[in-house]
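>
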DNA sequence: ATAGGCAAAGTTGTCTGACAAGTATAGCCG
DNA sequence: CGGCTATACTTGTCAGACAACTTTGCCTAT
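Protein chains in written order, with the numbering used here: chain A, 1 to 237; chain B, 1001 to 1237.
1) Taking only the alpha-carbon atoms, compute the straight-line gap between residue 1109/B and residue 1211/B and give it to the nearest angstrom.
2) Starting from residue 1049/B, trace the alpha helix (DSSP H) in both directions and tell me its first and last residue.
3) If you draw a straight line from the alpha carbon of residue 1071/B to that of residue 1097/B, how long is it in whole angstroms?
4) I need the straight-line Cα distance from residue 41/A to residue 48/A, nearest angstrom please.
5) Going by C-alpha distance, which of 137/A, 76/A, 11/A and 57/A is nearest residue 188/A?
6) Give the DSSP-derived three-state secondary structure of residue 1095/B in the structure shown.
7) Using beta-carbon positions only, say whether residue 1126/B and residue 1150/B come within less than 9 Å of one another.
8) Rounding to the nearest angstrom, what Cα-Cα distance links residue 53/A and residue 1073/B in this structure?
9) Assuming contact is defined by CB atoms lying nearer than 9 Å, are residue 143/A and residue 75/A in contact in what I supplied?
10) Pick helix, strand or coil for residue 116/A, following the three-state DSSP scheme.
11) Please confirm whether residue 32/A and residue 69/A have their CB atoms less than 9 Å apart.
12) Using 8 Å for Cβ pairs, my map puts residue 120/A next to residue 155/A. What's the rounded Cβ distance?
13) According to a CB-to-CB cut-off of less than 7 Å, which residues of the segment 146–167 of chain A neighbour chain B?
14) Using DSSP's beta-bridge definition, name the partner residues of residue 69/A.
15) Buried or exposed: which applies to residue 1014/B, given that a residue is buried once 16 or more other Cβ atoms fall within 10 Å of its Cβ?
16) Using the three-state DSSP reduction, which class does residue 215/A fall into: helix, strand or coil?
17) Where residue 1172/B and residue 62/A are concerned, what is the direct C-alpha to C-alpha distance, given to the nearest angstrom?
18) So, is the C-beta of residue 45/A closer than 9 Å to a C-beta in chain B?
19) Do three or more CB pairs link the segment 1219–1227 of chain B to the segment 1191–1208 of chain B at distances below 8 Å?
20) Out of 65/A, 190/A and 7/A, state which residue places its alpha-carbon closest to the alpha-carbon of residue 140/A.
21) May I ask you to list the residues that DSSP assigns as paired with residue 31/A?
22) Give me the subset of the segment 57–75 of chain A whose CB atoms are less than 9 Å from a CB atom of chain B, sorted by chain position.
23) Taking the straight line between their C-alpha atoms, what separation do you get for residue 193/A and residue 1038/B?
24) Once DSSP output is grouped into helix, strand and coil, what is the label at residue 1122/B?
25) Can you look up residue 160/A in the DSSP assignment and give me helix, strand or coil?
26) How close, in whole Å, do the beta carbons of residue 215/A and residue 123/A come, if the pair is a contact with beta carbons under 8 Å?
27) Closest by CA to residue 1077/B, which one among 66/A, 103/A, 167/A and 207/A?
28) If contact means a Cβ-Cβ distance below 8 Å, which residues of the segment 99–122 of chain A contact chain B?
29) What does the alpha-carbon distance come out to for the pair residue 1241/B and residue 34/A?
30) Starting from the Cα of residue 114/A, find the closest Cα among 25/A, 206/A and 8/A and give me that residue.
31) On the CB-based measure, 16 or more other CB atoms within 10 Å of its CB, does residue 103/A come out buried or exposed?
32) Quick one: is residue 1049/B near chain A, going by C-beta distance under 9 Å?
33) Using a Cβ-Cβ distance cut-off of 9 Å, determine whether residue 1096/B contacts chain A.
34) Is there a C-beta anywhere in chain A that falls below 9 Å from the one on residue 1014/B?
35) Compare the C-alpha of residue 208/A against each of 134/A, 161/A, 162/A and 111/A and name the closest.
36) Rounded to the nearest angstrom, what separates residue 1131/B and residue 1196/B at their Cα positions?
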């Protein structure tokens, strides 16, 4: 699939309108010019204008009401937060992502230890069992790992932690991003078993409602994960 | 501006296509049915189909090539992380957002204290001076407050902290979301001066390259902010 | 048999005109 | 002044046509 050589007219109009909304020419709450006026201003057909407005609508900048017009409901497109593909070396990215995880998840562990219910515990225990089974089956156990960490976010009782976790996606699990990990063989199962043991320690601290122990276990886990990964990368080269 | 009572045909088609892309009926890399085929399938005009495709394009799910078709380039819309307007009471939202801030910013303070440069310090000092001036001018000092916190994220040297901070937007400053704060009058300047003093303590800890002091100052600040705001809300009612 | 060229078919991009549906405004009447 | 109606304005949809680009199939030459 080749990149397009030239921008469509609709895309050009979108760009212009996005710029105007951003610079305040069309402030929040204001009505854009009518389709008829925009066809005249931009010298394009109504179809093109409509498609441009459809795109603005899809990005959330504009809402249209039949008979009334297109209104600016947002000044800037929503920012999308991602942690992969942001440039820099893969290792630097993984280290950066790990630091972010340490921030989020150690606090989540504190809150989870204070607020967890029996259901949360059951969910975490199920994720651990799943992880155990996946390791025994020679898999990388990423889905179960994700479920465990999401379970901690859920046990915080704070929806922001859950949603941010979901936003980050599986890129937060470093081994998903290391091609060499998939080929590692024997060292891999050892690595995963160590991860599983650390998960269990986190689980027990949460079970015991001990926030500081939970935080310490989580930090140890994430710091240890990082060191182990670095060692594995050395061994691979 | 009233909500629309009924979805447009284009929006309905978008919904169907988003569902199909998500469930794998139209997998990544595949070509959507032609416009002609979709007009037949959905029983709508080509205009409607084109607008629906324009919306898919704008959300990044699809890319179109003239003469070839519309191709799926992404299976799910990028997740947008937001902390406002997620439902629940305003107070519960603010408390939840504050917990998230405590997680992110206390770790950021640790890293900032370890990694800050003279430029980072200068930038933080400038934000403090700005905040001072804004308080003296009777303003709410939100832009300077944001700059200070962003400066800490920058001093971490970890781009993830900066970008996540930018994603969160000014909703993380609780007083931007309390209408009663704007009317508070005398208590407001006192509140802001206390906030400024705490910012200064954070600044000094970072200046001294003392990670634990920075973390403690940051946590104290955020916890204190919450308590003070609760008090102000009591006084207003 | 294979490669190249050309025409036809297929596909998206744009324009035009018309009608449908909803909203806003202005004017008239009680 | 308030209510009703007609008109003007605005978005939503349909249909047809042409432009521009890509793909496919067929024919011819080597």
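Note that CB positions come from ideal geometry on N, CA and C, so glycine has one too.
This is what the structure gives:
1) If you number the second chain from 1, residue 1109/B lands on position 109. If you number the second chain from 1, residue 1211/B lands on position 211. Cα to Cα, the separation comes out at about 7 Å.
2) For the purposes of this step, residue 1049/B is taken as residue 49 along the second chain, with counting starting at 1. Taken as a continuous stretch (DSSP letters only), the alpha helix (DSSP H) holding residue 1049/B covers 1046–1058.
3) By 1-based counting over the second chain, the position of residue 1071/B is 71. By 1-based counting over the second chain, the position of residue 1097/B is 97. So the two alpha carbons sit approximately 38 Å from each other.
4) As a working mapping, residue 41/A is identified with position 41 in the first chain. As a working mapping, residue 48/A is identified with position 48 in the first chain. Cα to Cα, residue 41/A sits roughly 12 Å from residue 48/A.
5) The residue given as residue 188/A occupies position 188 in the first chain. Checked all of 137/A, 76/A, 11/A and 57/A; the closest Cα to residue 188/A is 137/A.
6) Position 95 of the second chain, counted from the start, is the residue given in the question as residue 1095/B. DSSP places residue 1095/B in helix when its eight states are reduced to three.
7) Along the second chain, read from residue 1 onward, the residue named residue 1126/B stands at position 126. Along the second chain, read from residue 1 onward, the residue named residue 1150/B stands at position 150. Contact: no.
8) As a position in the first chain, residue 53/A is number 53, starting the count at 1. As a position in the second chain, residue 1073/B is number 73, starting the count at 1. One alpha carbon belongs to residue 53/A, the other to residue 1073/B, and they sit about 22 Å apart.
9) As a first step, residue 143/A is located in the first chain; it is residue number 143 there, counting from the start. As a first step, residue 75/A is located in the first chain; it is residue number 75 there, counting from the start. Their beta carbons are not under 9 Å apart, which means residue 143/A does not touch residue 75/A by this criterion.
10) On the first chain, position 116 is the one that residue 116/A refers to. Three-state result, residue 116/A: coil.
11) Reading the first chain from its first residue, position 32 is the one you call residue 32/A. Reading the first chain from its first residue, position 69 is the one you call residue 69/A. Closer than 9 Å, so yes.
12) Numbered from 1 along the first chain, position 120 holds the residue referred to as residue 120/A. Numbered from 1 along the first chain, position 155 holds the residue referred to as residue 155/A. Residue 120/A to residue 155/A, Cβ: 4 Å. Contact.
13) For the segment 146–167 of chain A, residues whose beta-carbon sits nearer than 7 Å to a beta-carbon of chain B comprise 158, 159, 160, 161, 163, 164, 166 and 167.
14) One-based indexing of the first chain puts residue 69/A at position 69. DSSP output for residue 69/A lists 65/A as bridge partner(s).
15) Translated into positions along the second chain, residue 1014/B becomes position 14. Residue 1014/B is buried by the Cβ-count criterion.
16) Locating residue 215/A in the first chain gives position 215, where the first residue counts as 1. DSSP places residue 215/A in helix when its eight states are reduced to three.
17) The count along the second chain starts at 1 and reaches residue 1172/B at position 172. The count along the first chain starts at 1 and reaches residue 62/A at position 62. Roughly 24 Å between the two C-alpha positions.
18) Within the first chain, the letter at position 45 stands for residue 45/A. Chain B, which has no Cβ nearer than 9 Å to the Cβ of residue 45/A, makes this no.
19) yes
20) Translated into the one-based positions of the first chain, residue 140/A becomes position 140. Ranking the options by Cα distance to residue 140/A, first place goes to 190/A.
21) Taking the first residue of the first chain as position 1, residue 31/A is located at position 31. Paired residue(s): 71/A.
22) So the close ones are 57, 58, 59, 60, 63, 64, 65, 66, 68, 71 and 73.
23) By one-based count along the first chain, residue 193/A stands at place 193. By one-based count along the second chain, residue 1038/B stands at place 38. When rounded, the distance between both Cα atoms is 51 Å.
24) Within the second chain, residue 1122/B is the residue found at index 122, counting from 1. DSSP places residue 1122/B in helix when its eight states are reduced to three.
25) Here the question's residue 160/A lines up with position 160 in the first chain. Helix, per DSSP.
26) Numbered from 1 along the first chain, position 215 holds the residue referred to as residue 215/A. Numbered from 1 along the first chain, position 123 holds the residue referred to as residue 123/A. Between residue 123/A and residue 215/A the Cβ distance is about 20 Å, and since that is not below 8 Å, they are no contact.
27) Position 77 of the second chain holds residue 1077/B. Of 66/A, 103/A, 167/A and 207/A, the residue nearest in Cα terms is 167/A.
28) 99, 100, 102, 103, 104, 106, 107, 108 and 111
29) Residue numbering for chain B in the displayed model covers 1001 to 1237; residue 1241/B lies beyond these limits and cannot be assessed.
30) As a position in the first chain, residue 114/A is number 114, starting the count at 1. Of the listed residues, the one whose Cα sits closest to residue 114/A is 206/A.
31) On the first chain, position 103 is the one that residue 103/A refers to. Per the 10 Å Cβ criterion, buried.
32) Position 49 of the second chain holds residue 1049/B. No - not a single Cβ of chain A is within 9 Å of the one on residue 1049/B.
33) Along the second chain, one-based indexing puts residue 1096/B at 96. It does; some Cβ of chain A falls within 9 Å.
34) Position 14 of the second chain, counting from 1, holds the residue named residue 1014/B. Yes, residue 1014/B lies at the interface with chain A (some Cβ there is under 9 Å from its Cβ).
35) Start at 1 with the first residue of the first chain, and residue 208/A comes out as number 208. Taking only the C-alpha atoms, the option nearest residue 208/A is 111/A.
36) The count along the second chain starts at 1 and reaches residue 1131/B at position 131. The count along the second chain starts at 1 and reaches residue 1196/B at position 196. If I take the Cα positions, the gap works out to 7 Å.
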